[in-house]
Amino acid sequence: MLYTVRSGDTLFSLARHFGIPLRDLLAANPQIDDPDQIFPGQTILIPSAPKPGSPSQYVVRPGDTMARIAHRLGINLVSLLAANPPVENPNFILPGQLINIPANPLAQYVPQPVDTLFLIAHKFGVSVQDLISANPQVLTHPLPGQVLVIPRPPGPNRIVSVAAEYGYQDLRADITTLLATYPFLSQQVIGYSVLGRPIPAVKLGQGPHQVCYCASFHANEWIMTPVLMRFVEDYARAYRRLVPLHNANVRDLFQSTTIWVVPMVNPDGVELVQQGITPGHPYFEAVIAMNAGSRNFDTWKANIRGVDLNDQFPANWAAEKARGRPEPAPRDHSGPRPLSEPEAVALAELTRRQDFQLVIAFHTQGEVIFWGYRDLAPPESEEIAARMAARSGYTAVRNAGSDAGYKDWFIQEWRRPGFTVEGGRGINPLPITHFPKIYADVLPVMLCAAQP
Ligand SMILES: [Zn+2]
Numbered sequence: 000m001l002y003t004v005r006s007g008d009t010l011f012s013l014a015r016h017f018g019i020p021l022r023d024l025l026a027a028n029p030q031i032d033d034p035d036q037i038f039p040g041q042t043i044l045i046p047s048a049p050k051p052g053s054p055s056q057y058v059v060r061p062g063d064t065m066a067r068i069a070h071r072l073g074i075n076l077v078s079l080l081a082a083n084p085p086v087e088n089p090n091f092i093l094p095g096q097l098i099n100i101p102a103n104p105l106a107q108y109v110p111q112p113v114d115t116l117f118l119i120a121h122k123f124g125v126s127v128q129d130l131i132s133a134n135p136q137v138l139t140h141p142l143p144g145q146v147l148v149i150p151r152p153p154g155p156n157r158i159v160s161v162a163a164e165y166g167y168q169d170l171r172a173d174i175t176t177l178l179a180t181y182p183f184l185s186q187q188v189i190g191y192s193v194l195g196r197p198i199p200a201v202k203l204g205q206g207p208h209q210v211c212y213c214a215s216f217h218a219n220e221w222i223m224t225p226v227l228m229r230f231v232e233d234y235a236r237a238y239r240r241l242v243p244l245h246n247a248n249v250r251d252l253f254q255s256t257t258i259w260v261v262p263m264v265n266p267d268g269v270e271l272v273q274q275g276i277t278p279g280h281p282y283f284e285a286v287i288a289m290n291a292g293s294r295n296f297d298t299w300k301a302n303i304r305g306v307d308l309n310d311q312f313p314a315n316w317a318a319e320k321a322r323g324r325p326e327p328a329p330r331d332h333s334g335p336r337p338l339s340e341p342e343a344v345a346l347a348e349l350t351r352r353q354d355f356q357l358v359i360a361f362h363t364q365g366e367v368i369f370w371g372y373r374d375l376a377p378p379e380s381e382e383i384a385a386r387m388a389a390r391s392g393y394t395a396v397r398n399a400g401s402d403a404g405y406k407d408w409f410i411q412e413w414r415r416p417g418f419t420v421e422g423g424r425g426i427n428p429l430p431i432t433h434f435p436k437i438y439a440d441v442l443p444v445m446l447c448a449a450q451p
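Once you know that position 189 of the sequence shown is 188 in my numbering, the rest is easy, because the numbers rise by one and skip nothing.
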């Protein structure tokens, strides 16, 4: 509940009065810098005192809605809804029904007349961006008396660090740390690369609507791997902290949608681009020969045996084969037959096993969203692409004029929306300094595509 401080109150007297440890009272009110300095008229959040063995409950009165109860108890509506998963329609609850009161609701704060978003963010040690995300109702300036949700301050660092090149070892280490930090995530190895590296998929959410985001089919387009990994982290963080992610309600999305993320389809190729190759490598001679003797692999797209993984799928594969290079090469060789490469097989099997309603293959570069394949895309593909384009500033384009890509095959086989998103702009491999802009542009695309 919210309590308005009266003359003569101290935090110590309030803690005693409400039977709450002072530490809990302070924890619920991070805006209080000095517990000796509270003033009459100030609003304080009183956390509910834990009763051993029984969660706090509230008996619904006639005319109540979840929003009204949250307001009356001075707790955040998102926290209240999260504590009551069976309540499906928050506007339709019955008198006499018992509602759980969350033990640890998000902090709330009623701005003072002098407050700005910047001052409030500073006071609570959160970023202005997080504060705005948690309070989409605030347009420019907090109004006095308006109740703000204060998100929990971020940890010192993100798990997914993008300060330098992001390789396969980073990927594996970050997945391990993310799973330990957010146990509601899970991982599945969907197959193995030519060199025997496990290809991981990370699963976000538990809803019946299933979508798949995958990246780094092409070795020199690896920057999209940390983009997907940062998305996994931010999504998990927002879910745990009960805050929206870029105005999307992650709590709802988590229940409605399962997002399968395959961050690196081509680990052997990514390693080649980032680290080069040395004589002990099993494909050393073959790779140097395919690369015309050069030790620079900046233009390498293929897997380690010179097959372009996005020319591997059984969607008019022969037509793509005829246009491409006849022999193994750094790019544009379709392989001896469709799905000859284990990396492409891994993704195809995952796609056949799951019931994906939508897939996105992330590549670089061009800031383009391709949504068609011949005339096979369903009508909604164009609408979804237009929405994604509006939110990212990218351009929606119908066809890439090629065949045998992952999204081509997905559209052909399932007649459901499949997209190729070409993130960023420049010469591949895009420098890691482009990461913040690419992530900012592509995040709303991923959130938009997850909506059932
Ligand atoms: Zn590509």
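Even glycine gets a Cβ: it sits at the ideal position worked out from N, Cα and C.
This one's a predicted model, so the numbers in the text were calculated from it and none came from an experiment.
In the DSSP assignment, the alpha helix (DSSP H) including residue i goes from what residue to what residue?
{"i": "residue 190", "result": "Not the alpha helix (DSSP H): residue 190 falls in the beta strand (DSSP E), residues 185 to 191."}
{"i": "residue 272", "result": "266 to 274"}
{"i": "residue 172", "result": "167 to 180"}
{"i": "residue 216", "result": "First-last for residue 216: undefined, no H or E at that position."}
{"i": "residue 10", "result": "10 to 17"}
What is the DSSP secondary structure of residue i, counted as helix, strand or coil?
{"i": "residue 198", "result": "strand"}
{"i": "residue 350", "result": "helix"}
{"i": "residue 3", "result": "strand"}
{"i": "residue 209", "result": "strand"}
{"i": "residue 93", "result": "coil"}
{"i": "residue 312", "result": "coil"}
{"i": "residue 230", "result": "helix"}
{"i": "residue 108", "result": "strand"}
{"i": "residue 131", "result": "helix"}
{"i": "residue 224", "result": "helix"}
{"i": "residue 66", "result": "helix"}
{"i": "residue 38", "result": "coil"}
When you compare only the Cα positions, how much space is there between residue i and residue j?
{"i": "residue 452", "j": "residue 358", "result": "No answer is possible for residue 452: it lies beyond the span of the chain, which begins at 0 and ends at 451."}
{"i": "residue 440", "j": "residue 298", "result": "24 Å"}
{"i": "residue 23", "j": "residue 1", "result": "14 Å"}
{"i": "residue 184", "j": "residue 178", "result": "6 Å"}
{"i": "residue 340", "j": "residue 145", "result": "58 Å"}
{"i": "residue 408", "j": "residue 343", "result": "12 Å"}
{"i": "residue 91", "j": "residue 317", "result": "58 Å"}
{"i": "residue 7", "j": "residue 42", "result": "15 Å"}
{"i": "residue 449", "j": "residue 210", "result": "7 Å"}
{"i": "residue 168", "j": "residue 423", "result": "24 Å"}
{"i": "residue 9", "j": "residue 38", "result": "9 Å"}
{"i": "residue 435", "j": "residue 213", "result": "19 Å"}
{"i": "residue 139", "j": "residue 127", "result": "12 Å"}
{"i": "residue 49", "j": "residue 250", "result": "The pLDDT assigned to residue 49 is 48, lower than 50, so where the model puts this residue is not dependable; a value taken from the coordinates is nonetheless given after this. The straight-line gap from Cα to Cα measures roughly 25 Å."}
{"i": "residue 267", "j": "residue 432", "result": "23 Å"}
{"i": "residue 360", "j": "residue 11", "result": "57 Å"}
Output yes or no for whether 8 Å exceeds the beta carbon distance between residue i and residue j.
{"i": "residue 262", "j": "residue 289", "result": "no"}
{"i": "residue 64", "j": "residue 40", "result": "no"}
{"i": "residue 444", "j": "residue 391", "result": "yes"}
{"i": "residue 301", "j": "residue 332", "result": "yes"}
{"i": "residue 161", "j": "residue 110", "result": "no"}
{"i": "residue 416", "j": "residue 377", "result": "yes"}
{"i": "residue 367", "j": "residue 394", "result": "yes"}
{"i": "residue 314", "j": "residue 411", "result": "yes"}
{"i": "residue 133", "j": "residue 59", "result": "no"}
{"i": "residue 112", "j": "residue 61", "result": "no"}
{"i": "residue 254", "j": "residue 403", "result": "no"}
{"i": "residue 174", "j": "residue 232", "result": "no"}
{"i": "residue 438", "j": "residue 216", "result": "no"}
Ordered along the chain, which non-local residues of its own chain (more than five positions away) have a Cβ less than 6 Å from that of residue i?
{"i": "residue 200", "result": "187, 189, 259 and 261"}
{"i": "residue 164", "result": "273"}
{"i": "residue 383", "result": "416"}
{"i": "residue 282", "result": "303"}
Since residue i is in the beta strand (DSSP E), which residue starts that stretch and which ends it?
{"i": "residue 44", "result": "42 to 44"}
{"i": "residue 259", "result": "256 to 261"}
{"i": "residue 296", "result": "Here residue 296 belongs to no beta strand (DSSP E), and DSSP marks it neither H nor E."}
{"i": "residue 362", "result": "355 to 363"}
{"i": "residue 421", "result": "417 to 422"}
{"i": "residue 396", "result": "394 to 396"}
{"i": "residue 375", "result": "First-last for residue 375: undefined, no H or E at that position."}
Return the chain-ordered list of same chain residues with a C-beta closer than 8 Å to the C-beta of residue i, the five sequence neighbours on each side being excluded.
{"i": "residue 413", "result": "355"}
{"i": "residue 137", "result": "116, 131, 145 and 147"}
{"i": "residue 191", "result": "197, 198, 341 and 345"}
{"i": "residue 96", "result": "58 and 59"}
{"i": "residue 324", "result": "330, 331 and 332"}
Which same chain residues, not among the five before or five after residue i, have their C-beta less than 7 Å away from its C-beta?
{"i": "residue 68", "result": "57, 79 and 98"}
{"i": "residue 326", "result": "332"}
{"i": "residue 114", "result": "141"}
{"i": "residue 446", "result": "244, 245 and 247"}
{"i": "residue 397", "result": "370 and 371"}
{"i": "residue 296", "result": "271, 272, 275 and 290"}
Is residue i close to chain C, meaning its C-beta is less than 8 Å from at least one C-beta of that chain?
{"i": "residue 47", "result": "The question asks about chain C, but that chain is absent: this structure has only one protein chain."}
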